[in-house]
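Q: Pasting a structure here, questions to come.
There are 2 protein chains.
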Amino acid sequence: MLIRVNTASRRPIDGPMAAVAGPRALCSEFKYRRGSEIFGEGEHAEYIYQISYGAVRTYKLLADGRRQINSFHLPGDMFGFENSETHRFTAEAIVETHVRIMKRCNLLEAMPSEAAGSKKLIGFVTENLQHAENHMLLLGRKTSLEKVAAFLLEMDGRLAHPDVMTLPMSRRDIADYLGLTLETVSRALSILRDDKILRFHGTTQREVEMLDREKLAKLDA
Amino acid sequence: MLIRVNTASRRPIDGPMAAVAGPRALCSEFKYRRGSEIFGEGEHAEYIYQISYGAVRTYKLLADGRRQINSFHLPGDMFGFENSETHRFTAEAIVETHVRIMKRCNLLEAMPSEAAGSKKLIGFVTENLQHAENHMLLLGRKTSLEKVAAFLLEMDGRLAHPDVMTLPMSRRDIADYLGLTLETVSRALSILRDDKILRFHGTTQREVEMLDREKLAKLDA
DNA sequence: CGAAGTGTTGATTAAGATCAACATGCGTGG
DNA sequence: CCACGCATGTTGATCTTAATCAACACTTCG
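Line order of the protein sequences matches chains A and B.
Sequential numbering from 7 applies to the first sequence in the numbering used here.
Sequential numbering from 7 applies to the second sequence in the numbering used here.
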C-alpha cells in the first residue's frame, strides 16, 4: 500500500527533523492511502517519520483483536523513533497521509556528533512519555464523559483551536484511544451536543464546533 | 519526613547511575520511611534517584483524589528524570526505602561531554516509555483478571522469579496501578489462589508463591 | 443500485464499583 | 504486657456504568 510519490524528491530537511538529525541529513516524501499500514508492530525499524499532511494512529493489539491506540499524530508530528531494532507498535494512515521519511541509521550516525540533536531527541522521547503518563491517568481513572471531554480538548489544542475542527478519526478510533466502545463515545458526544457544549457541522459528524470550552474543561476531571 | 542517614557519605558512584552521569559524579544516600513523599508533582526537579533498598510508587492524582500509579520502582531502578524543571508526578516510599541521590544539574553538565551517557539516558527514557505503552494497553483493554495476572507476571520477572515473592505494595496500590478497586484485585487474587495458580504464605497475604506461571501467562491476554 | 462503512439510539446484560460486615495484624501508649 | 485503634485484606450483597446486542439512517463507493 506504500506509494512513492517522487523518488527524486531527496533534499535537505528543515523543521524539527533537522533539529534532531542535523542539517546534512536527507529525507524523502511518501504517501500512504487511508487505512494503509506505515509499519507494523515487531517489524524492523528502518525509518523515522514526520507527517506533512494527514493523520496517523499508532496502536497495539491483543491476540483476540482488542486494540489500544497510543496516540494520534497530526501534521508536524514525528513518530517511529525506536530504541530497539523493532517497532513496538503499528502505525497506520487514518486518512490520505504524506510523510517525510529519514533513515534511522542516518539519525544514529548524526546524533553523537551533535549534542544539541541528542538533547532534542531526549526531549522528543520525553514528550511522548509525558503524553503516555497523562493518558494512563485517563485510561485508568476517568469516566467515559471525562475521557471524551479530555479527547476533544486535546484535539482542539493540537489543531490550534479552529472555529470548526475536522476530526480525521472515526468513533471506533476514538473509542480505542479512550478505552471505550464506539457506542459509548457516540453517546457521550450526544450528551455534549444536547448540553450545547459542541455542535456538529456537515453530514459526517466529524466536523465539530466547540461552543463552550470552559464547560468542557470542567467535565474533564 | 526526609531523614538524612549520613551526610558524609558522598563518594564516587557506580552501577547504572555512573553510566549516565559519568564516573566523576557524586551522590548521597538518603532514607525515607514507609509512606513518606520523596518528591511531589509540580515540585522543582532537583535530583535523580536510584533505589538501593525498598520500593517506590510514582503516581498522578485527579482533583477529587482518584489516583493512577504509573509504576513501581524496585532496588536498582532509577527515577526522577525530568525534561522540564518540575516533576510530572509524585514519588512515595512504599516501605522503608534507601536511595542514592544525585543533583540533576550534575547530570546535565556531565551529559553533553559524554555521548555514551547521553545514549544511556535516551535508553532509560525509552524504557519508561515502553513500559507506559504496554501499560496503556493493559489499562484500556484488559479485563480485571488479565490485569492482575499481568501484574503478578511483571513483579515475578522483576524480582527474578523467587520461590516466594514478597510484594511491598498494598491491594490498594495494586488497584491504583491497574485501574481497578482494591476489592476487585482481592477477588482476582482469590480466584487465582482457588485455581491453584498461586499460594499465599505467612499471615499478611503479601508473600506470594507462583505455582503455575504458564497458566497465569495464559490468563494474561 | 446494492453493499459496505459510519454513526446514532434504544434495550438489555455484565463486569466491576460501591456499600457493608468482619477478621486479622500491627503499632502505640498505658 | 496487654488493650485499643487503625490499617489491611477478604467476602458478600447490591448497584451503576459501560458493554453488548440490535435496529435503523445516511453516506460513499464500486
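By construction, the Cβ of each residue, glycine as well, lies at the ideal position given by its N, Cα and C atoms.
Would you decide whether threonine 64/B is buried or exposed? Buried here means 16 or more other CB atoms lie within 10 Å of its CB.
A: The sequence position of residue 64/B within the second sequence is 58, counting from 1. By the 10 Å Cβ count, threonine 64/B comes out buried.
Q: Should valine 131/A be flagged as near chain B, meaning a C-beta pair shorter than 8 Å?
A: Residue 131/A sits at position 125 when you count from the first residue of the first sequence. It does; some Cβ of chain B falls within 8 Å.
Q: Who are threonine 96/A's beta bridge partners in DSSP?
A: Here residue 96/A refers to the residue found at position 90 when the first sequence is read from its first residue. BP columns for threonine 96/A point to Tyr65/A.
Q: Residues in the same chain with beta-carbon distance under 6 Å from alanine 181/A, minus the five sequence neighbours each way, listed in chain order, please.
A: Reading the first sequence from its first residue, position 175 is the one you call residue 181/A. Closer than 6 Å at Cβ, skipping near neighbours: Thr187, Leu188 and Val191.
Q: Tell me which same chain residues have a C-beta within less than 8 Å of the C-beta of leucine 159/A, skipping the five on either side of it?
A: Numbered from its first residue, the first sequence carries residue 159/A at position 153. Cβ within range, chain order: Arg219, Leu222, Ala223 and Asp226.
Q: Expressed to the nearest angstrom, what Euclidean distance is found between the alpha-carbon atoms of proline 2/A and asparagine 76/A?
A: Outside the modelled stretch of chain A, which goes from 7 to 227, sits residue 2/A, for which no answer is possible.
Q: Let's test the definition: count the other Cβ atoms within 10 Å of the Cβ of histidine 93/B and tell me whether it reaches 16, buried, or not, exposed.
A: Indexing the second sequence from 1 puts residue 93/B at position 87. Buried, since its Cβ has 16 or more Cβ neighbours within 10 Å.
Q: What separation, rounded to the nearest whole angstrom, lies between the Cα atoms of glycine 46/B and leucine 68/B?
A: The residue labelled residue 46/B in the question sits at position 40 within the second sequence. The residue labelled residue 68/B in the question sits at position 62 within the second sequence. Answer to the nearest angstrom: the Cα atoms are 14 Å apart.
Q: Residues of chain A with CB closer than 7 Å to the CB of methionine 175/B, please, in chain order.
A: Here residue 175/B is taken as the residue at index 169 of the second sequence, counted from 1. Per Cβ cutoff of 7 Å: no residues; methionine 175/B is ~15 Å from chain A at best.
Q: Can you list the residues of chain A that asparagine 134/B reaches, using a CB-CB cut of under 7 Å?
A: Within the second sequence, the letter at position 128 stands for residue 134/B. Those are Leu135, listed as they occur along chain A.
Q: Which word fits threonine 210/A, buried or exposed, when buried means at least 16 other C-beta atoms lie within 10 angstroms of its C-beta?
A: Counting from one through the first sequence, the residue named residue 210/A turns up at place 204. It is exposed - the Cβ of threonine 210/A has fewer than 16 other Cβ atoms within 10 Å.
Q: Start and end of the alpha helix (DSSP H) containing glutamine 211/B?
A: The count along the second sequence starts at 1 and reaches residue 211/B at position 205. Glutamine 211/B -> no alpha helix (DSSP H), and no H or E assigned at all.
Q: Would you mind telling me which residues of chain A sit closer than 9 Å to lysine 4/B, beta carbon to beta carbon, in chain order?
A: A question about residue 4/B goes unanswered here, because the residues of chain B that appear run from 7 up to 227.
Q: Kindly indicate which residue of Ala155/A, Met84/A, Lys202/A and His167/A has the alpha-carbon position closest to the one of aspartate 127/A.
A: Walking along the first sequence from the start, residue 127/A turns up at place 121. Strictly speaking, residue 127/A in this sequence is leucine, with aspartate absent from that position. The candidate whose alpha carbon is nearest that of leucine 127/A is Met84/A.
Q: Going by beta carbon distance, what residues of the same chain come within less than 6 Å of arginine 177/B, once the five residues before and after it are set aside?
A: Residue 177/B sits at position 171 when you count from the first residue of the second sequence. Counting only Cβ-Cβ distances below 6 Å, and skipping sequence neighbours, we find Leu188, Val191 and Ser192.
Q: Nearest chain A C-beta to glycine 185/B closer than 8 Å, yes or no?
A: Numbered from its first residue, the second sequence carries residue 185/B at position 179. Chain A contact via Cβ: present.
Q: For the alpha helix (DSSP H) containing asparagine 134/A, list its first residue and its last residue.
A: As a working mapping, residue 134/A is identified with position 128 in the first sequence. Its alpha helix (DSSP H) spans residues 121-147.
Q: Measure how close the beta-carbons of alanine 51/B and arginine 110/B come, nearest whole angstrom, since I'm counting them as under 8 Å.
A: In the second sequence, counting from the first residue as 1, residue 51/B sits at position 45. In the second sequence, counting from the first residue as 1, residue 110/B sits at position 104. Yes, alanine 51/B and arginine 110/B are in contact; Cβ-Cβ is about 6 Å, under 8 Å.
Q: Assuming glutamate 43/B contacts threonine 96/B under a Cβ cut-off of 8 Å, what Cβ separation, rounded to an integer in Å, is found between them?
A: Numbered from its first residue, the second sequence carries residue 43/B at position 37. Numbered from its first residue, the second sequence carries residue 96/B at position 90. Contact holds; Cβ gap of about 6 Å.
Q: Taking only heavy atoms of the ligand COA into account, decide whether any of them is closer than 7 Å to the Cβ of cysteine 33/A.
A: Of ligands this structure carries none, so the ligand COA is not represented either.
Q: Does serine 124/A come within less than 8 Å of chain B when only Cβ atoms are used?
A: The residue given as residue 124/A occupies position 118 in the first sequence. Judged by the 8 Å Cβ criterion, serine 124/A is in contact with chain B.
Q: Considering Cα atoms alone, identify which of Gly60/A, Phe78/A, Gly86/A and Tyr55/A is closest to glycine 48/A.
A: In the first sequence, the residue the question calls residue 48/A occupies position 42. Ranking the options by Cα distance to glycine 48/A, first place goes to Gly86/A.
Q: Histidine 167/B to methionine 216/A, Cα distance in whole Å?
A: Locating residue 167/B in the second sequence gives position 161, counting from the first residue. Locating residue 216/A in the first sequence gives position 210, counting from the first residue. Using only the alpha carbons, I get a separation of about 52 Å.
Q: Would you kindly report the start and end of the unbroken beta strand (DSSP E) that includes serine 77/A?
A: The residue you call residue 77/A lines up with position 71 of the first sequence. Residues 73-79.
Q: At a CB-CB cut-off below 7 Å, which residues of chain A make contact with leucine 127/B?
A: By 1-based counting over the second sequence, the position of residue 127/B is 121. Ile128, listed in chain order.
Q: Considering only the beta carbon of each residue, do glycine 146/A and glutamate 98/A sit closer than 8 Å?
A: On the first sequence, position 140 is the one that residue 146/A refers to. On the first sequence, position 92 is the one that residue 98/A refers to. No, they are not a contact pair.
Q: Beta-carbon of phenylalanine 45/B versus every beta-carbon of chain A: anything under 8 Å?
A: Residue numbering aside, residue 45/B sits at position 39 when the second sequence is read from its first letter. Closer than 8 Å: no.
Q: Roughly how many angstroms lie between the CA atoms of valine 154/B and alanine 194/B, to the nearest whole one?
A: If you number the second sequence from 1, residue 154/B lands on position 148. If you number the second sequence from 1, residue 194/B lands on position 188. Those two C-alpha atoms are separated by around 7 Å.
Q: Taking only beta-carbon positions, decide if asparagine 112/B is within less than 8 Å of chain A.
A: Numbered from its first residue, the second sequence carries residue 112/B at position 106. Taking Cβ atoms only, chain A never reaches closer than 8 Å to asparagine 112/B, which makes this a no.
Q: Count the other C-beta atoms from every protein chain shown that fall within 10 angstroms of the C-beta of lysine 148/A, then say buried if there are 16 or more, exposed otherwise.
A: Along the first sequence, read from residue 1 onward, the residue named residue 148/A stands at position 142. Buried, by the Cβ-count rule.
Q: Whose C-alpha, out of Asn140/B, Glu35/B and Ile54/B, is nearest the C-alpha of lysine 66/A?
A: Here the question's residue 66/A lines up with position 60 in the first sequence. With distances taken between Cα atoms, lysine 66/A lies closest to Asn140/B.
Q: Please report the distance separating the alpha-carbon of aspartate 179/A from that of arginine 212/A.
A: For the purposes of this step, residue 179/A is taken as the residue at position 173 of the first sequence. For the purposes of this step, residue 212/A is taken as the residue at position 206 of the first sequence. When rounded, the distance between both Cα atoms is 12 Å.
Q: Buried or exposed: serine 196/A, going by 16 or more other Cβ atoms within 10 Å of its Cβ?
A: Position 190 of the first sequence holds residue 196/A. With fewer than 16 other Cβ atoms within 10 Å, it is exposed.
Q: Where does threonine 190/A sit, in a helix, a strand or coil, going by DSSP?
A: Against the first sequence, residue 190/A aligns to sequence position 184. The answer is helix: DSSP assigns threonine 190/A an H, G or I state.
Q: Alpha helix (DSSP H) containing arginine 178/A: first to last residue?
A: Position 172 of the first sequence, counted from the start, is the residue given in the question as residue 178/A. Element bounds for arginine 178/A: 177-184.
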